[in-house]
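**Student:**
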Ligand SMILES: Cc1cc2nc3c(=O)[nH]c(=O)nc-3n(C[C@H](O)[C@H](O)[C@H](O)COP(=O)(O)OP(=O)(O)OC[C@H]3O[C@@H](n4cnc5c(N)ncnc54)[C@H](O)[C@@H]3O)c2cc1C
């Protein structure tokens, strides 16, 4: 017989969504335990790998000041833009081809600023996002992409802050506790069965919150749901998100929801390891392709690199790279844009070649048809509009004419040596398919849309928000908003 432990609320996982759920449940005074599959060293889920940019709704500097300190001098010298609720919803709708669940997206957007302030109240520290998405324009620092704030220390910092808060709140954490199934009597969920350091153990609870990620680290499920070829993607983050939570909920009749054949996937160093490396974090990514060309094995371009800011294309372009022969693409730049390349282009572990001429670069692009590559660049250079000025801080309309695919913004000829090229493949971030939840509580619904007593979910496991694409910075905020909601509801139910 497995040993038994008893709590009011059990949270499965220990990433951002789980920590938010646990902290929120604990605010009601109930006893809370977290069960994490990884060892303490490897815990923190994808949240720990995140760059840490956070997209929330704000309309003024005063809104931003609820999240971080901004001096009058800083405010006067900055153009923060806005990300009003309407703008945020608009981006979500546009990027998901108008499929995002209207109720879920509204909860996310409407709750985002309050939740950022709540995270701050729990000890999380936020800073202005100078490094990644800002530039000086007419003497002012302009933040573009509607996302001027990031968490100090990135996702790893966020997990550390929330971890400290959880310790302070007296939340018990069990590591190396892989939850295998739900304790379910056909009517309600009353706990979970876990393997605690390999030994079966039952954890009984009045409410269970599943916040244990998607199935991105499971090559078999990726092939099954995302399609053939997806087993070949690299995993950008945690190796522990193998779909356990989804499987155990579906096993008791939970309703699947959302884009089960969709995922977030980006350009990622071609020779990065199979799973994320916490010492490198998100830096295997290569997000400055908007300033260069993406070239496949045939020596051809295959997407409009400059259709929008990277925040609005990067999450789907990983999938486009995966579709190319050999599942790779080279990103090619000339020296005019070197200073605009993000920090990830300057890390030690990078697959990069350089040459003083395009002719000398071509044979160095491993796996690429060199002749076709040179032809592609000649045609591209000739197609660039010379009469439109380049401006990296706005969609500048500096485009190509008469080639397919076009490049719609930031199109400059590749003509200034030296030339640099970076080899990328597809890195999967997280999967979009999840569970259907009650919009008021975060309670999991069954296939007939009745709430399953005792079962809640949050984070990557919530289905229905993202389809085909995703605006950067939304994952952490969504995990926090829905984690906080699920935790509060789970505690209320446990007390009742
Ligand atoms: C490289 C990278 C960069 C990113 N950058 C950003 C960014 O800048 N901004 C942003 O908003 N988002 C970013 N994201 C996305 C963001 O990290 C995720 O959306 C978010 O962290 C998901 O949080 P979560 O709590 O749902 O899942 P996770 O943080 O993955 O947590 C899931 C947890 O469940 C545990 N677990 C899994 N199975 C079990 C089981 N059977 N039993 C017990 N525990 C289990 C895992 O070990 C893990 O700790 C990035 C992601 C990656 C990988």
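Residue numbers (our numbering): 27 to 522.
The C-beta atom is built at its ideal place from N, Cα and C for all residues, glycine as well.
Since the structure is predicted, the reported quantities are computational estimates derived from the model, not experimental observations.
1) Taking 7 Å as the threshold (beta carbon to beta carbon), is residue 184 in contact with chain D?
2) Going by the beta-carbon positions, is the gap between residue 38 and residue 238 smaller than 7 Å?
3) Are there any heavy atoms of ligand 1 lying less than 6 Å away from the beta-carbon of residue 421, as far as the coordinates show?
4) Look up residue 79 in the DSSP assignment and say whether it is helix, strand or coil.
5) Mind checking residue 95: buried by the 16 CB within 10 Å criterion, or exposed?
6) DSSP puts residue 162 in a beta bridge; with which residues?
7) Note the first and the last residue of the continuous beta strand (DSSP E) segment covering residue 60.
8) Buried or exposed, going by whether 16 or more other CB atoms sit within 10 Å of the CB of residue 166?
9) Starting from residue 368, follow the beta strand (DSSP E) in both directions and report where the run begins and ends.
10) Rounded C-beta distance between residue 322 and residue 350? I'm assuming under 8 Å.
11) To the nearest angstrom, report how far apart residue 427 and residue 382 are at their CA atoms.
12) On the CB-based measure, 16 or more other CB atoms within 10 Å of its CB, does residue 244 come out buried or exposed?
13) Below 8 Å on the Cβ atoms is my contact criterion, and I expect residue 468 with residue 484 to pass it. Report the Cβ-Cβ distance as a whole number of Å.
14) Whole angstroms are fine: how far does the CA of residue 139 sit from the CA of residue 93?
15) If contacts are defined as beta-carbon pairs under 8 Å, then residue 187 and residue 151 qualify, I think. What distance do you get, rounded to the angstrom?
16) Do the region 72-86 and the region 37-52 touch if we need at least three Cβ pairs shorter than 8 Å?
17) Within 6 Å: the Cβ of residue 486 and any heavy atom of ligand 1?
18) Look at the alpha carbon of residue 413 and the alpha carbon of residue 470, and state the distance between them as a whole number of angstroms.
19) Do residue 235 and residue 516 have their C-beta atoms within less than 7 Å of each other?
20) Report all residues from its chain with a CB closer than 8 Å to the CB of residue 143; omit the five preceding and five following residues, and keep chain order.
21) At a cut-off of 6 Å, would you count residue 303 as near ligand 1, judging by its Cβ distance to the nearest heavy atom?
22) How would you write the range of the alpha helix (DSSP H) that residue 481 sits in, first residue to last?
23) Compute every distance between the C-beta of residue 58 and the non-hydrogen atoms of ligand 1, then say whether any falls below 6 Å.
24) Residue 446 and residue 380 - do their beta-carbons sit closer together than 7 Å?
25) Hey, would you say the C-beta of residue 289 is under 6 Å away from at least one heavy atom of ligand 1?
26) Considering Cα atoms alone, identify which of 330, 319, 294 is closest to residue 434.
27) Are residue 258 and residue 497 closer than 7 Å when you measure CB to CB?
28) Using DSSP with H/G/I as helix, E/B as strand and the rest coil, what is residue 286?
29) In whole angstroms, what is the alpha-carbon distance linking residue 178 and residue 385?
30) Given this structure, state the Cα-to-Cα distance separating residue 64 from residue 182, to the nearest angstrom.
31) Straight-line CA distance for residue 472 to residue 462?
32) Take residue 336 and list the residues in its own chain whose beta-carbon comes closer than 6 Å to its own, dropping the five residues that flank it on each side.
33) Is the closest heavy atom of ligand 1 to the C-beta of residue 337 under 6 Å?
34) In whole angstroms, give me the CA-to-CA distance for residue 450 and residue 87.
35) Can you tell me whether DSSP reads residue 357 as helix, strand or coil?
36) Considering only C-alpha positions, which residue in the set 264, 69, 223, 500 is nearest to residue 117?
**Tutor:** To lay it out plainly:
1) The question asks about chain D, but that chain is absent: this structure has only one protein chain.
2) yes
3) no
4) strand
5) exposed
6) 167
7) 58-61
8) exposed
9) Taken as a continuous stretch (DSSP letters only), residue 368 belongs to no beta strand (DSSP E), as it is neither H nor E.
10) 4 Å
11) 27 Å
12) buried
13) 6 Å
14) 8 Å
15) 7 Å
16) yes
17) yes
18) 56 Å
19) yes
20) 92, 93
21) no
22) Note, residue 481: premise wrong, no alpha helix (DSSP H); beta strand (DSSP E) at 477-483.
23) no
24) yes
25) no
26) 330
27) no
28) coil
29) 43 Å
30) 15 Å
31) 8 Å
32) 313, 316
33) no
34) 38 Å
35) strand
36) 500
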